[in-house]
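Below is one structure, written out as structure tokens; comments come after it.
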């Protein structure tokens, strides 16, 4: 986790983290996730899959803003720890061209999914699972 902390904005990295939501404690419902994390800003999502893959996202704004369809800032990024730690930051941050507003919103979330990214390349971080066959 030290690697992840080095990727966070300095003003955030000096804060003490607090566990707000865990599937072990609160279940695997996105509704529960939103209820517990809605007012927290920023948040770090860490996902551990059944295949021991570890990945996630740093989300720069409150989850209650999801009601606006698209939200977030260029500080938002995806990351993975497998096979090695890697950060996927906004590629437009150093752009010399005028970046459209739609490419400056990095989060989209509803009761079925969480997507992170901007423009044409978004990562679907989480999706609702209803059981075998989906």
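Residue numbers (full-length UniProt numbering): 1 to 134. Positions of the beta carbon are idealized from the N, C-alpha and C atoms, including for glycine.
The three-state secondary structure of residue 115, taken from DSSP, is strand. Annotation for residue 11: the continuous alpha helix (DSSP H) segment containing it runs 10-13. Following the DSSP letters along the chain, one finds residue 2 inside the alpha helix (DSSP H) bounded by residues 2-7.
Per the DSSP secondary-structure output, residue 48 pairs in a beta bridge with 54.
Per DSSP, reduced to three states, the secondary structure at residue 34 is helical.
By the criterion of at least three beta-carbon pairs nearer than 8 Å, the segment 75-92 is not in contact with the segment 29-38. In this structure, the CA atom of residue 4 is about 24 Å from the CA atom of residue 30. The C-beta of residue 2 has fewer than 16 other C-beta atoms within 10 Å across all chains shown, which makes the residue exposed. In terms of Cα proximity to residue 62, the closest of 45, 50, 52 is 45. Burial of residue 109 is indicated by the presence of at least 16 other C-beta atoms within 10 angstroms of its C-beta. In this model, residue 24 and residue 70 are separated by some 29 Å (Cα to Cα).
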